[in-house]
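Residue numbering for the sequence shown follows the numbering used here, starting at 608 and increasing by one per position.
Note that the Cβ used here is the ideal one computed from N, Cα and C, for glycine as well.
Written below as structure tokens is the structure these notes are about.
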Amino acid sequence: MRLLIRFQRFLICCAALTAALSAASGFARGGVVDETPALPQEIRHIPSYGSQSLDAFYLDLISLILDAGSDKFGPYKLNTDSRPMSVARARKGLLENEWDSLVNSDLSNQFHGTDQIAVFSRPYLKHMIGLRQSIIDSRNLAQLSQIRSLDELKQFKIGQGSNWTEVEIYRAADVNVVTSESFGNLFRMLTSGRFQLLPLSVLEVDGALANASTTQPTLTILPDIYIYYPLPVQIVVSRNNPLIAARYQYGIEQIFSDGSLTKLLQKHFPKQLANPIPKEATIIILPNPKLSEAENAAIIQTFRNTTTY
Numbered sequence: 608m609r610l611l612i613r614f615q616r617f618l619i620c621c622a623a624l625t626a627a628l629s630a631a632s633g634f635a636r637g638g639v640v641d642e643t644p645a646l647p648q649e650i651r652h653i654p655s656y657g658s659q660s661l662d663a664f665y666l667d668l669i670s671l672i673l674d675a676g677s678d679k680f681g682p683y684k685l686n687t688d689s690r691p692m693s694v695a696r697a698r699k700g701l702l703e704n705e706w707d708s709l710v711n712s713d714l715s716n717q718f719h720g721t722d723q724i725a726v727f728s729r730p731y732l733k734h735m736i737g738l739r740q741s742i743i744d745s746r747n748l749a750q751l752s753q754i755r756s757l758d759e760l761k762q763f764k765i766g767q768g769s770n771w772t773e774v775e776i777y778r779a780a781d782v783n784v785v786t787s788e789s790f791g792n793l794f795r796m797l798t799s800g801r802f803q804l805l806p807l808s809v810l811e812v813d814g815a816l817a818n819a820s821t822t823q824p825t826l827t828i829l830p831d832i833y834i835y836y837p838l839p840v841q842i843v844v845s846r847n848n849p850l851i852a853a854r855y856q857y858g859i860e861q862i863f864s865d866g867s868l869t870k871l872l873q874k875h876f877p878k879q880l881a882n883p884i885p886k887e888a889t890i891i892i893l894p895n896p897k898l899s900e901a902e903n904a905a906i907i908q909t910f911r912n913t914t915t916y
């Protein structure tokens, strides 16, 4: 009798252990999901390194996209690297599963031609990333204010970062470009007369001027003269982790459909969104040599259709 009772107790313990193991794997006997929080999905992101305003926006954009997938893919942990790196080095890191994602506007074909990388090219910044205003030395304001065409722009030198994709755009248009590896050094070169114009996106030009003016007080923004060229922004994602790639694809679709991207743009760039281009402004339009003729035409036409005066 005692042996039978011990055997029954043994069976009860076994049943309890089986139920516990089943619950630990996500499902109890009654089909109740275990509510223990899942471990965050680690996402390794290569941040942008340029102007502070754009860098901050791009990092918030990545967080917005990943947040949009939380209901479907669960929590995540975003890790970033503090070291700037070349496009070639970033591509290598994505292919070798060292990194998961980055934001890119280089438009080189280094991220194409492989099934291991997904490229999501969308108008994350509308047309504003390709719309440029120039920081100049105020001592040259009267002369530079006379620019009305590409031919007149060619009479002057433009400063740009040595690894910026814009260098190829200007040189393809026969504009004389002076480059520097250091973003901060461009402002010192401008003041010393190495070049006369430093075109930057309307999204970053005010912040860049504010930072530079503390040491270069003669700098100002050239009013009512703009340069525009198509400059699509890409979010590049490694396919080594299919769940992360799927999370990005899902999140990107969500932020365009639910209005959260527009709110993020309004948070970061309220002045640029609120202030239209003046009716009397000059806009010099350049094609992007890294895009096809059809791609250039389509983006430029969209810019013209959406630009308000």
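Here DSSP, grouped into helix, strand and coil, assigns Lys-874 to helix. Straight-line spacing of the CA atoms in Gln-861 and Thr-825 works out to 45 Å. The shortest C-alpha to C-alpha distance from Gly-858 to any of Asp-674, Pro-654, Glu-775 is the one to Asp-674.
Between the segment 860-878 and the segment 747-758 there are fewer than three inter-stretch CB-CB distances shorter than 8 Å, so the stretches are not counted as touching. By the C-beta criterion, the segment 775-782 is judged not to be in contact with the segment 740-749, since fewer than 3 inter-stretch pairs fall below 8 Å. Burial check for Thr-772: the Cβ neighbour count within 10 Å reaches 16 or more, so the residue is buried. Excluding residues up to 5 positions away in sequence, Ile-736, Thr-772, Leu-838, Pro-839, Val-840, Gln-841 lie with their Cβ nearer than 8 Å to the Cβ of Ser-712 in the same chain. Fewer than three beta-carbon pairs drawn from the segment 682-690 and the segment 800-809 are found closer than 8 Å, and the two stretches are therefore not classed as touching.
In this structure, Ile-724 lies near Leu-701, with their beta-carbon atoms less than 7 Å apart.
Across the structure, Ala-749 and Phe-718 are spaced so that their CA atoms are roughly 44 Å apart. As for any beta strand (DSSP E) of minimum length 3 sitting wholly inside the segment 892-916, there is none. Counting C-beta pairs closer than 8 Å gives fewer than three between the segment 890-905 and the segment 847-858, which falls short of the contact rule.
Rounded to whole angstroms, the gap between the alpha carbons of Thr-798 and Phe-680 is 51 Å. Within the DSSP bridge table, the entry for Leu-685 names Ile-650 as partners. Exposed is the label assigned to Gln-659, since fewer than 16 other Cβ atoms lie within 10 Å of its Cβ.
Under the rule that a run must span 4 or more residues, the alpha helix (DSSP H) segments found entirely inside the segment 827-876 read 849-864, 867-875. Beta-bridge partners of Leu-751 (DSSP): none assigned.
In the DSSP assignment, Thr-786 falls within the unbroken beta strand (DSSP E) covering 783-787. CA-CA distance, Lys-764 to Arg-801, rounds to 8 Å. In the DSSP secondary-structure assignment, Asp-744 is bridged to Leu-826. Asp-831 sits close to Pro-885, with the two beta carbons spaced by under 7 Å.
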